[in-house]
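Following: one structure in structure tokens, then a few remarks.
Residue numbers (the working numbering): 747 to 1031.
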């Protein structure tokens, strides 16, 4: 920032008190909701990427190492595709990997809280009133019904849904018995979601965070992480862009705007899936 600190950048730097064993535990791939096996860290193979004969490093100066040879090849391909100037927007896997190594592993609570914050404003919970707009409501139903059924089964609690702008405003007001404003999901859902999120390793957490930010939805993020979910990348993109695509169908597409948004959404969600698939394939996760 202009004051010579990282206050405006979102970067959090390691301190002398950082627990190295905790960092290693966060970077050890594991299935969501499970604990690390005692011998897992010794069995995991780590792979680096070299550029002009030198090992790549993260922005914080760490050697870039990932627990998947396929992921290392994918990152190398991103670098190989760069020409005269570096284009960070074309390197989503490199970005997520560095974020996992430099930020998520060292400050997991911050990323857990940021992901959980989307629960109160989850885009898949704000539906059009069918008496006001049947077409949009039907599209939302097609995109989100299956996801909400999965969430109900996974967290054993049903998400709250607001119909129309008036109900959304009323439901989202701060209440005396609720610490924060937002959707009044059942307490059990909040508790299960928090328990789920705090038990993620750095790779699953960085993927969840990336999807939540792009989709503006915690439930789409969980759907991307879980194998039993009905979401694939295509359906996740559709679930993230229901209202935008509905407006485009009525008013038309703005070149250089809507098309870039579509592409960026597909890139970010696709990169999150590739990161998870490559790590899972080589670590029995």
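For each residue, glycine too, the CB sits at the ideal point set by N, CA and C.
In this text the structure is predicted, and so the values were computed from the model without any measurement.
Extent of the continuous alpha helix (DSSP H) run through residue i
i, result
"residue 936", "933-944"
"residue 895", "880-901"
"residue 949", "948-961"
"residue 845", "838-845"
Collapsed DSSP secondary structure at residue i in the structure displayed
i, result
"residue 971", "helix"
"residue 812", "strand"
"residue 757", "The pLDDT assigned to residue 757 is 43, lower than 50, so where the model puts this residue is not dependable; a value taken from the coordinates is nonetheless given after this. Coil at residue 757, not helix or strand."
"residue 908", "strand"
"residue 851", "coil"
"residue 873", "strand"
"residue 777", "coil"
"residue 865", "helix"
"residue 794", "strand"
"residue 1073", "What is shown of the chain runs 747 to 1031, which leaves residue 1073 out entirely."
"residue 800", "strand"
"residue 1031", "coil"
"residue 831", "coil"
"residue 917", "helix"
"residue 928", "coil"
"residue 1016", "helix"
"residue 964", "helix"
Cβ-based neighbour list, residue i, same chain, cut-off 8 Å, excluding 5 preceding and 5 following
i, result
"residue 902", "934, 938"
"residue 992", "881, 882, 885"
"residue 985", "870, 889, 890, 893, 961, 963, 966, 969, 977"
"residue 1022", "949, 950, 953, 970, 971"
Close Cβ partners of residue i (< 7 Å) along its chain, the five nearest in sequence each way excluded
i, result
"residue 750", "Residue placement at residue 750 is poorly supported in this model, since its pLDDT is 49, which falls under 50; the coordinates still yield a value, given next. Correct list: empty, nothing qualifies."
"residue 848", "804, 805, 806, 808"
Exposure label - residue i; buried when at least 16 CB within 10 Å
i, result
"residue 780", "exposed"
"residue 1029", "buried"
"residue 969", "buried"
"residue 1001", "exposed"
"residue 1018", "buried"
"residue 814", "buried"
"residue 834", "exposed"
"residue 874", "buried"
"residue 1009", "exposed"
"residue 899", "exposed"
Spatial neighbours of residue i in its chain, beta-carbon cut-off 6 Å, leaving aside the 5 residues before and after
i, result
"residue 773", "851, 948"
"residue 802", "795, 810"
"residue 1016", "979"
"residue 988", "885, 886, 889"
Near the ligand MG: residue i beta-carbon under 7 Å from a heavy atom
i, result
"residue 882", "As far as ligands go, the structure on display features none, and thus does not contain the ligand MG."
### Message
Just to confirm the assignment: which complete beta strand (DSSP E) runs, minimum length 3, are found wholly within the region 976-1007?
### Response
none
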